[in-house]
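J.: Okay, here's the structure, questions in a sec.
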């Protein structure tokens, strides 16, 4: 039986709001001393918040379905929350004092960020045409790999002290995510352009 609550403030939507609020909290972890820095404490704190936010990414959709609490605001904010979380973390990791994402690895981050912007634009256009392009299973795997990669990179040098090659593993996963991102982005644009041409 569906649980009754105000659509904007049901539990699935509250989890989504929490994920959005986690974004400035993660940024704050890197500015605890009034400047951008990446101490071990900052990294572990940011990682804990990121893991909690990533879990809500799964829970909000799952609970909305089983409790029949899907809402328009939830459908709108869920992808926005995901993109804010991923984009902010990638930018932080590129700007931190350890330069966790640097050199050629910056291209992996750029690919991911550009794809998210382009797909968001296409999705908005298709929504105006009342066309919905379903999320593929590969796109879901892409998101999972992306989240795991960012988790390892947030741990970074602090994680290397506990598990050797934590940063390197995060970089490898980020590149895998970028490659899958290119493919899923192409797949999405191919499906979307078909509707645009027909229009």
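Residue numbers (this note's numbering): 3 to 201.
We put the beta carbon where it would ideally sit given N, CA and C, even for glycine.
Rounded to the nearest angstrom, what separates residue 32 and residue 47 at their Cα positions?
T.: Counted from its first residue, the chain shown places residue 32 at position 30. Counted from its first residue, the chain shown places residue 47 at position 45. Going by the C-alpha atoms only, they are around 9 Å apart.
J.: At which residues does the alpha helix (DSSP H) containing residue 154 begin and terminate?
T.: Residue mapping note: residue 154 aligns to position 152 of the chain shown, counting from 1. It spans 139-162 - the alpha helix (DSSP H) in which residue 154 sits, taken as one unbroken run.
J.: Taking only the alpha-carbon atoms, compute the straight-line gap between residue 128 and residue 171 and give it to the nearest angstrom.
T.: Walking along the chain shown from the start, residue 128 turns up at place 126. Walking along the chain shown from the start, residue 171 turns up at place 169. If I take the Cα positions, the gap works out to 37 Å.
J.: What residue range does the alpha helix (DSSP H) around residue 117 cover?
T.: To locate residue 117, count along the chain shown from 1; it is residue 115. Counting along the chain, the alpha helix (DSSP H) containing residue 117 begins and ends at 107-130.
J.: How many whole angstroms separate the CB atoms of residue 88 and residue 152, which I take to be in contact at a CB cut-off of 8 Å?
T.: For the purposes of this step, residue 88 is taken as residue 86 along the chain shown, with counting starting at 1. For the purposes of this step, residue 152 is taken as residue 150 along the chain shown, with counting starting at 1. 7 Å between Cβ atoms; contact.
J.: Mind reading off the beta-carbon distance from residue 117 to residue 168? Whole number of angstroms is fine, and I expect it under 8 Å.
T.: On the chain shown, residue 117 is found 115 positions in, with the first residue counted as 1. On the chain shown, residue 168 is found 166 positions in, with the first residue counted as 1. In fact, because the Cβ distance is near 25 Å, the residues do not count as touching under 8 Å.
J.: Below 8 Å CB to CB, which residues in the same chain sit around residue 63 once its five sequence neighbours on both sides are set aside?
T.: Position 61 of the chain shown, counted from the start, is the residue given in the question as residue 63. Cβ within range, chain order: 14 and 80.
J.: When DSSP labels each residue in this structure, what does residue 71 get in the three-state scheme?
T.: Position 69 of the chain shown, counted from the start, is the residue given in the question as residue 71. Coil.
J.: Are residue 52 and residue 91 touching if we call contact CB-CB under 8 Å?
T.: Residue numbering aside, residue 52 sits at position 50 when the chain shown is read from its first letter. Residue numbering aside, residue 91 sits at position 89 when the chain shown is read from its first letter. Yes. Within cutoff.
J.: Have a look at residue 34 and residue 27 and give me their C-alpha separation to the nearest angstrom.
T.: Within the chain shown, the letter at position 32 stands for residue 34. Within the chain shown, the letter at position 25 stands for residue 27. Distance between the alpha carbons of residue 34 and residue 27: 10 Å.
J.: By Cβ distance below 7 Å, which residues in the same chain neighbour residue 83 in space, the five residues on each side in sequence not counted?
T.: As a working note, residue 83 is residue 81 in the chain shown. For residue 83, where only same-chain residues beyond five positions count, the Cβ hits under 7 Å are 18, 21 and 22.
J.: Would you call the region 61-77 and the region 97-106 in contact, with 3 or more CB pairs under 8 Å?
T.: Because the criterion of three Cβ pairs below 8 Å is not met, the region 61-77 and the region 97-106 do not touch.
J.: Between which two residues does the alpha helix (DSSP H) holding residue 19 run?
T.: Within the chain shown, residue 19 is the residue found at index 17, counting from 1. Segment 13-31, the alpha helix (DSSP H) holding residue 19.
J.: Comparing alpha-carbon positions, which option in 143, 149, 76 and 158 lies nearest residue 55?
T.: As a position in the chain shown, residue 55 is number 53, starting the count at 1. It is 149 whose Cα lies nearest to the Cα of residue 55.
J.: Less than 7 Å between the CB of residue 166 and some heavy atom of the ligand GDP, yes or no?
T.: The model on display carries no ligand, and the ligand GDP is accordingly not part of it.
J.: Straight-line CA distance for residue 77 to residue 164?
T.: Residue 77 sits at position 75 when you count from the first residue of the chain shown. Residue 164 sits at position 162 when you count from the first residue of the chain shown. The straight-line gap from Cα to Cα measures roughly 39 Å.
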